[in-house]
Amino acid sequence: MSNFLASVNQNFDKAAIHTGLPKGLLEQIKICNSVYQIHFPIKVGNEYKVIEAYRVQHSHHRLPTKGGIRFSQKVNQDEVMALATLMTYKCAIVDVPFGGAKGGVKISPREYTPAQLQKITRRYTAELIRKNFIGPGIDVPAPDYGTGAREMAWILDTYMQFKGGEIDAAGCVTGKPVTQHGIRGRSEATGRGVYYGVREAVSYKDDMKKLGLTTGLEGKTVAIQGLGNVGYHSASIFQKEGGAKIISVAEYEGAIYSEDGIDIDALMKHRKETGSIMDFPGAQNMDQRKKVLEVECDILIPAALENQIRNDNVDRVKAKIIAEAANGPVTAEAAEKLIKRGVMIIPDMYINAGGVTVSYFEWLKNLSHMRFGRMEKRFNHNTYMNLVNLVERLTGKTIGAKEREFLTKGADEVDLVRSGLEETMITAYQEIREIKKRKKKVEDLRTAAFISALNKISSDYLALGIFP
Ligand code: GLU
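Just so we're aligned, residue 129 is where the sequence shown starts under the working numbering, counting upward by one.
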């Protein structure tokens, strides 16, 4: 068993003892229900390459199953199983009515042309269709490390070629481009969810006091590992909306540091122009990219891959709060040490659930065949206009044009998506925090999050009367 899956299951066991649930039921929840391993050939130039790929459905207690597809050279069965497992708990924590799943294709996307990647994605999709491992009511993939909206469009198009007559076909995959049945706000969703979640976590005076911090994000120092979809949007929103100071950033090519803060948009521009985040004006280059994890800061956001904070570097980690934007960035062993030191770990299966939450909204949009806000936006706008007009008439005063615009705006799709996400992240955090407070022996948020997930999942099984 890989360390990753073992680590996830170790955390599960730690929480399970607090639930009082029957052993058989816990075993059923813990195990991966279906593992599909695929090999298929792809012609690259004059030769054939055999591609190894997976789709794992961890839990069928709710359908469809849901989870991203990863393109990475490091993909292996245990990793995909661990990621699928995390998806089940993640969905339960944020009340997204899906079982967990994950897919993986063992390739390094950098080594292929877009045309070759398209061929691989389409063939992978065809294999999933063949085995009934994809469909709006069966299993719904989404982007993950190494994939994005482009790949999702290819998946949908392939699905349509086989199942064109299905009325809900567009709901077979989420994270699609907005023009291809996607939803506004999906690409930023995981990063925005990280922001809402951390903002909520730092809003409690007694919790912050224990960490020696004040409440609020304004002025807090932040270090971020990874500037991909999750890391970039987290960094940008923390900076623009939260007023946080990003002091260190790491990417594939290295890491940089600046005590005065790094302007994320300027950094992205610099990276586009030079091909690297290194030598960014006003920042120092760090000698190793992993050093970002050891920076003295209030909040550390590992937003890359699993197994980043481990036994061999955990003692050098100085952050007071770790927000696990990636899946599994802190090993179970390292987490134990951090918890003992009083570090607050906001766990992956809660803090990065913004992606799947907005995927759920996208899926609902696809099933309803209508954009959110289409019915009520104009109606609300007209109602607010009447109200503002009435206030003006009754007071004899005029409301300025800008203010009027702000007060009378009807919500469109992106406003509703953001508000639904904000509500989801706040409510879930409050649930987890409440469990931690109530159960005196629970000392960390991950265990509390697991308990929240286990309570919800077990009630589905218990309702069936299978486990007395
Ligand atoms: N890959 C993302 C995750 O790990 C999103 C999954 C989804 O939207 O289904 O949560």
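Where is the CB? At the ideal position from N, CA and C, for every residue including glycine.
Is residue 173 buried or exposed, if buried means 16 or more other CB atoms sit within 10 Å of its CB?
It is exposed - the Cβ of residue 173 has fewer than 16 other Cβ atoms within 10 Å.
Just to confirm, does residue 529 get its C-beta within under 6 Å of one of the non-hydrogen atoms of the ligand GLU?
False, no ligand heavy atom lies under 6 Å from that Cβ.
Indicate, with yes or no, if the ligand GLU has a heavy atom lying under 6 Å from the CB of residue 483.
Because some heavy atom of the ligand GLU lies under 6 Å away, the Cβ of residue 483 counts as near it: yes.
Who are the near neighbours of residue 323 in its chain, counting only those whose CB is closer than 7 Å to its CB and skipping five residues on each side?
The residues are 362, 365, 366, 369 and 370.
Between residue 311 and residue 489, how many whole angstroms is the CB-CB distance? I'm expecting something under 8 Å.
6 Å between Cβ atoms; contact.
Mark residue 547 as exposed unless 16 or more other C-beta atoms lie within 10 angstroms of its C-beta, in which case mark it buried.
Residue 547 should be labelled exposed.
Buried versus exposed, by CB contacts within 10 Å (16 or more), residue 424
That one is exposed.
Would you give the residue range spanned by the alpha helix (DSSP H) that residue 509 belongs to?
It spans 505 to 523 - the alpha helix (DSSP H) in which residue 509 sits, taken as one unbroken run.
Those runs of the alpha helix (DSSP H) which lie wholly inside the stretch 218 to 279 and span at least 4 residues:
Correct list: 242 to 258.
Tell me the rounded alpha-carbon separation between residue 453 and residue 557.
CA-to-CA, the gap between residue 453 and residue 557 works out to about 15 Å.
Quick check: does the Cβ of residue 265 come within less than 6 Å of any heavy atom belonging to the ligand GLU?
Relative to the ligand GLU, the beta carbon of residue 265 is positioned no closer than 6 Å to any heavy atom.
Measuring alpha carbon to alpha carbon, tell me which of 246, 566, 385 and 359 ends up nearest residue 170.
Nearest of 246, 566, 385 and 359 to residue 170, Cα basis: 246.
If you measure between the beta carbons of residue 196 and residue 270, is that distance less than 7 Å?
The answer is yes: Cβ separation under 7 Å.
Taking 6 Å as the cut-off, does the CB of residue 272 come closer than this to any heavy atom belonging to the ligand GLU?
At a cut-off of 6 Å, the beta-carbon of residue 272 counts as near the ligand GLU: some heavy atom of the ligand is closer than that.
Reference residue 328, options 594, 590, 561 and 572, closest by Cα:
The shortest Cα separation from residue 328 among 594, 590, 561 and 572 belongs to 561.
Is residue 304 near the ligand GLU, going by C-beta to nearest heavy atom under 6 Å?
No.
Counterpart residues of residue 167 in DSSP-defined beta bridges:
Assignment of beta-bridge partners to residue 167 by DSSP yields 180.
Hey, out of 485, 516, 450 and 461, whose CA is closest to residue 471's CA?
For residue 471, the nearest C-alpha among the options comes from 450.
Chain D contact for residue 453 (CB, 7 Å cutoff)
Checking the listed chains, one finds no chain D in this structure; it contains a single protein chain.
Measuring alpha carbon to alpha carbon, tell me which of 351, 313 and 356 ends up nearest residue 445.
For the options 351, 313 and 356, the alpha carbon positioned closest to that of residue 445 is the one of 351.
How about the stretch 425 to 433 and the stretch 402 to 414: do they share at least three Cβ pairs that are nearer than 8 Å?
Short answer: they don't touch.
May I ask you to report which of helix, strand or coil DSSP gives residue 332?
Three-state result, residue 332: coil.
Cβ contact check for the stretch 222 to 238 and the stretch 175 to 191: 3 or more pairs under 8 Å
Judged by Cβ distances under 8 Å, the stretch 222 to 238 makes contact with the stretch 175 to 191, as three or more pairs qualify.
Contact belief for residue 516 with residue 146 at Cβ below 8 Å, rounded distance in angstroms:
With a Cβ gap of about 52 Å, residue 516 and residue 146 do not count as contacting.
Would the beta-carbon of residue 580 be found less than 6 Å away from any heavy atom of the ligand GLU?
Checking every heavy atom of the ligand GLU against the Cβ of residue 580, none is found closer than 6 Å.
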